[in-house]
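J.:
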Amino acid sequence: MAAERIYINGAPGETRIAILEDGRLSDLIISRVGRESLVGNIYLGRVTAVLDGLQAAFVEIGEERAGFLSVADLRPQGDQQSDDRIANYIAEGDSILVQVLRDPEEDKGAKLTGRVSLTGRDMIFAPGQSGITLSRKITGDDERQRLNDIMAKIVPEGTDGAFVLRTVAAEAEFEDLEDGVKRILERWREIQQRQEKASPPQCLDYELSPAFAVLRDYGGTDLESLVCDDPELLAKLKAFAEAEMPDLEEAITGPEEKGPLFAAVGVEEMIDAALDPVVELPSGGSIIISETPALTAIDVNTGSATGGGREQTALMTNEEAAVEIAHQIRLRNLSGLLVIDFVSMRRRENQEAVYRRVRRAVGDDPLRPHVVGFTKLGLLEMTRRRKGPSLSEIVSGRIAVALKSPETVGLEALRGVIGEAQATAAASYTIEAAPDVVAALKGGLADVVKATEKQHGYAIKLKAVAHFGDEAFQIIAAKAKK
0 MAAERIYING
10 APGETRIAIL
20 EDGRLSDLII
30 SRVGRESLVG
40 NIYLGRVTAV
50 LDGLQAAFVE
60 IGEERAGFLS
70 VADLRPQGDQ
80 QSDDRIANYI
90 AEGDSILVQV
100 LRDPEEDKGA
110 KLTGRVSLTG
120 RDMIFAPGQS
130 GITLSRKITG
140 DDERQRLNDI
150 MAKIVPEGTD
160 GAFVLRTVAA
170 EAEFEDLEDG
180 VKRILERWRE
190 IQQRQEKASP
200 PQCLDYELSP
210 AFAVLRDYGG
220 TDLESLVCDD
230 PELLAKLKAF
240 AEAEMPDLEE
250 AITGPEEKGP
260 LFAAVGVEEM
270 IDAALDPVVE
280 LPSGGSIIIS
290 ETPALTAIDV
300 NTGSATGGGR
310 EQTALMTNEE
320 AAVEIAHQIR
330 LRNLSGLLVI
340 DFVSMRRREN
350 QEAVYRRVRR
360 AVGDDPLRPH
370 VVGFTKLGLL
380 EMTRRRKGPS
390 LSEIVSGRIA
400 VALKSPETVG
410 LEALRGVIGE
420 AQATAAASYT
430 IEAAPDVVAA
440 LKGGLADVVK
450 ATEKQHGYAI
460 KLKAVAHFGD
470 EAFQIIAAKA
480 KK
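Residues in the sequence shown are numbered from 0 upward in steps of one, following numbering that gives the first Met the number 0.
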């Protein structure tokens with residue numbers, strides 16, 4: 000995955016990571032204390048139930064709810080036997096090695112797979128499989144042959160596992176790939192050793208926390224800079240880069256100026272735009288995004304767009320919208336069924352052109368959306384697998400609600416205190432906010448408030464103001480320090 004700039008805003012209770020491509024916000028990752036993702040974690044689980052009717056099993060992994068494992072995620076890679084039964088692989092009471100594919104949701108446990116894989120900077124290792132494959136985005140027959148030859152030399156004979164070279168491995172040196180193979184195989188040996196001593200349920204390997212995973216996944220040759228405003232996290236990222244990817248160490252820096260990082264570089268404004276259901280198109284048209292629990296509906300309008308007649312205007316707007324929709328789907332992390340109502344076109348060849356444009360536009364999405372096609376009613380359907388909540392779910396606490404949740408506003412207020420303290424030194428600061436926001440700061444965010452006080456050395460007071468709007472707050476500095 001390519002990225003020009005990465006900005007990391009670290010604060011007590013929350014870490015926000017903004018990834019920019021071509022000057023635009025392409026991905027936004029928000030990680031909050033108490034809501035850490037389980038995706039990528041590897042567990043030694045215990046099978047608690049085998050469901051013949053569903054051809055699936057429940058596996059206890061130590062979380063509140065048992066994880067869900069289907070036979071499709073258990074059978075060997077490439078084996079697509081439709082008549083295969085889960086009872087052929089596991090039985091109730093068995094211990095089994097599993098990896099989390101999707102986080103738990105409300106009344107559902109985590110989605111699991113029995114096909115474990117380990118991700119490094121240049122490669123992915125899949126134990127129990129075989130072969131060496133390369134990312135389709137690595138082009139050029141000579142380069143592909145060079146990489147295949149290197150891997151054939153450095154993968155130890157008899158290794159029980161397959162290697163997949165990621166796009167970032169293009170032009171990689173022999174020594175870098177050799178070091179990558181050694182590291183990933185050593186990690187797998189350590190997991191196996193823990194497995195031998197463990198009793199289920201137990202986590203054997205944790206996925207990297209978001210900031211480090213982003214550096215691993217986006218730290219390619221296109222990365223110009225990674226700026227982090229949390230000194231402690233910055234030091235850890237530099238140490239990680241020194242050990243894992245020394246060529247990136249100089250690109251990792253702190254902010255040049257004091258003050259809120261995201262506001263200074265324009266990311267805060269980009270985030271606000273990503274929460275707006277209406278997205279304006281350069282030609283004068285627009286798209287309207289409506290999230291519901293069942294599906295996401297996207298409506299395309301021509302607005303003031305003009306150009307060469309009605310059919311040509313519709314085609315121009317739709318092709319422009321196709322590119323923007325692909326960008327917004329990824330940025331907002333929209334998943335499940337997506338239904339797009341493009342501007343009506345009479346010519347079938349124009350409809351096919353828009354379909355092709357959508358497929359090309361979503362081609363860089365890591366989650367690989369499946370573009371189903373146009374229905375008889377002229378609606379384009381596509382599906383995108385779920386990987387965590389959508390941006391609106393994180394910020395508002397529920398789907399399709401523009402208002403921010405009290406927790407989100409509370410965290411914004413704490414960031415506001417930190418910014419105010421950088422501008423005006425004081426012994427204490429008072430957050431005035433709506434009663435629900437103050438309740439969140441005194442309740443679920445109480446530890447975060449204490450951590451902020453301890454880290455920065457000033458007191459934070461809270462005052463509920465009944466007439467304040469749900470998203471309004473005010474920071475008041477007390478007596479200045481001498």
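Backbone N, C-alpha and C fix where the C-beta goes; we use that ideal spot for every residue, glycine too.
(1) Give the DSSP-derived three-state secondary structure of V97 in the structure shown.
(2) Using the Cα positions of L68 and D51, report the straight-line distance between them to the nearest angstrom.
(3) Taking G39 as part of the alpha helix (DSSP H), name the residues at either end of that continuous run.
(4) Here's the rule I'm using: 16 or more other beta-carbon atoms within 10 Å means buried, otherwise exposed. How should H326 be labelled?
(5) Would you mind listing the alpha helix (DSSP H) stretches within the region 342-377 that are 4+ residues and don't spill past its ends, in chain order?
(6) Which of the three DSSP states, helix, strand or coil, is assigned to N8?
(7) For the alpha helix (DSSP H) holding T316, just list the boundary residues, first then last.
(8) Report buried or exposed for V213, applying the criterion of at least 16 other Cβ atoms within 10 angstroms of its Cβ.
(9) Between V58 and L111, is the Cβ-Cβ spacing less than 7 Å?
(10) Could you check the C-alpha separation between V436 and L37 for me, to the nearest Å?
(11) In chain order, what residues of the same chain lie with their CB nearer than 8 Å to the CB of S389, ignoring the 5 residues before and after it?
(12) Check whether the Cβ of R359 sits closer than 6 Å to any heavy atom of the ligand HEM, and report yes or no.
(13) Which residues mark the beginning and the end of the alpha helix (DSSP H) in which Q201 is found?
(14) Measure the alpha-carbon distance for E189 versus R215 and round it to whole angstroms.
(15) By DSSP's criteria, I430 is part of a beta bridge. Which residues make up the other side?
(16) For A439, which of R414, V408 and I417 has the nearest alpha-carbon?
(17) Going by beta carbon distance, what residues of the same chain come within less than 8 Å of V353, once the five residues before and after it are set aside?
(18) Just checking my contact of V299 with G284 at CB under 8 Å: how many whole Å lie between their CB atoms?
(19) Report all residues from its chain with a CB closer than 6 Å to the CB of G415; omit the five preceding and five following residues, and keep chain order.
(20) Taking the alpha carbon of E392 as the reference point, which residue from K107, P292 and A272 has its own alpha carbon closest?
(21) Quick one: any contact between the region 174-191 and the region 116-136, if contact means 3 or more CB pairs under 8 Å?
(22) Beta strand (DSSP E) containing I123: first to last residue?
(23) Can you tell me the Cα-Cα spacing of L233 and I85, whole angstroms?
(24) Can S427 and K453 be called in contact, C-beta distance under 7 Å?
(25) DSSP on R186, reduced to helix/strand/coil?
T.: Quick look at the numbers:
(1) Your numbering for residue 97 matches position 98 in the sequence shown. V97: strand per DSSP, three-state reduction.
(2) The residue you call residue 68 lines up with position 69 of the sequence shown. The residue you call residue 51 lines up with position 52 of the sequence shown. Distance between the alpha carbons of L68 and D51: 12 Å.
(3) Numbered from 1 along the sequence shown, position 40 holds the residue referred to as residue 39. Where G39 is concerned, there is no enclosing alpha helix (DSSP H), because DSSP gives it neither an H nor an E.
(4) If you number the sequence shown from 1, residue 326 lands on position 327. It is buried - the Cβ of H326 has at least 16 other Cβ atoms within 10 Å.
(5) The qualifying runs are 347-360.
(6) For the purposes of this step, residue 8 is taken as residue 9 along the sequence shown, with counting starting at 1. Three-state DSSP puts N8 in a strand.
(7) As a working note, residue 316 is residue 317 in the sequence shown. T316 -> alpha helix (DSSP H) spans R309 to R331.
(8) Residue numbering aside, residue 213 sits at position 214 when the sequence shown is read from its first letter. That one is buried.
(9) As a first step, residue 58 is located in the sequence shown; it is residue number 59 there, counting from the start. As a first step, residue 111 is located in the sequence shown; it is residue number 112 there, counting from the start. With contacts defined by Cβ atoms closer than 7 Å, V58 and L111 form a contacting pair.
(10) Locating residue 436 in the sequence shown gives position 437, counting from the first residue. Locating residue 37 in the sequence shown gives position 38, counting from the first residue. Rounded to the nearest whole angstrom, the C-alpha separation of V436 and L37 is 28 Å.
(11) Locating residue 389 in the sequence shown gives position 390, counting from the first residue. Setting aside the 5 residues that flank it on each side, S389 is surrounded in the same chain by E290, R331, N332, L333, S334 and I398, each with a C-beta closer than 8 Å to its C-beta; the list follows chain order.
(12) Annotation note on the ligand HEM: not contained in the displayed structure, which lists no ligands.
(13) Start at 1 with the first residue of the sequence shown, and residue 201 comes out as number 202. For Q201, no alpha helix (DSSP H) encloses it; the enclosing beta strand (DSSP E) starts and ends at Q201 to D204.
(14) Numbered from its first residue, the sequence shown carries residue 189 at position 190. Numbered from its first residue, the sequence shown carries residue 215 at position 216. Cα-Cα distance, rounded: 20 Å.
(15) By one-based count along the sequence shown, residue 430 stands at place 431. DSSP, once it has assigned bridges, lists L461 and I474 as partnering I430.
(16) Numbered from 1 along the sequence shown, position 440 holds the residue referred to as residue 439. Closest option to A439, Cα to Cα, is V408.
(17) Position 354 of the sequence shown holds residue 353. Same-chain partners within the cutoff: L314, N317, E318, A321, F341, M344 and L379.
(18) Within the sequence shown, numbered from 1, the residue matching residue 299 stands at position 300. Within the sequence shown, numbered from 1, the residue matching residue 284 stands at position 285. That pair is a contact at about 7 Å.
(19) What you label residue 415 is simply residue 416 of the sequence shown in a count that begins at 1. Answer for G415: I474, listed in chain order.
(20) Taking the first residue of the sequence shown as 1, we reach residue 392 at position 393. For the residues K107, P292 and A272, the minimum Cα distance to E392 belongs to P292.
(21) At 8 Å Cβ cutoff, the stretches touch.
(22) If you number the sequence shown from 1, residue 123 lands on position 124. First-last of the beta strand (DSSP E) with I123: M122 to P126.
(23) Numbered from its first residue, the sequence shown carries residue 233 at position 234. Numbered from its first residue, the sequence shown carries residue 85 at position 86. L233 and I85: Cα-Cα distance of roughly 46 Å.
(24) The residue given as residue 427 occupies position 428 in the sequence shown. The residue given as residue 453 occupies position 454 in the sequence shown. Taking 7 Å as the Cβ cut-off, S427 and K453 do not qualify as a contacting pair.
(25) Here residue 186 refers to the residue found at position 187 when the sequence shown is read from its first residue. Correct three-state label for R186: helix.
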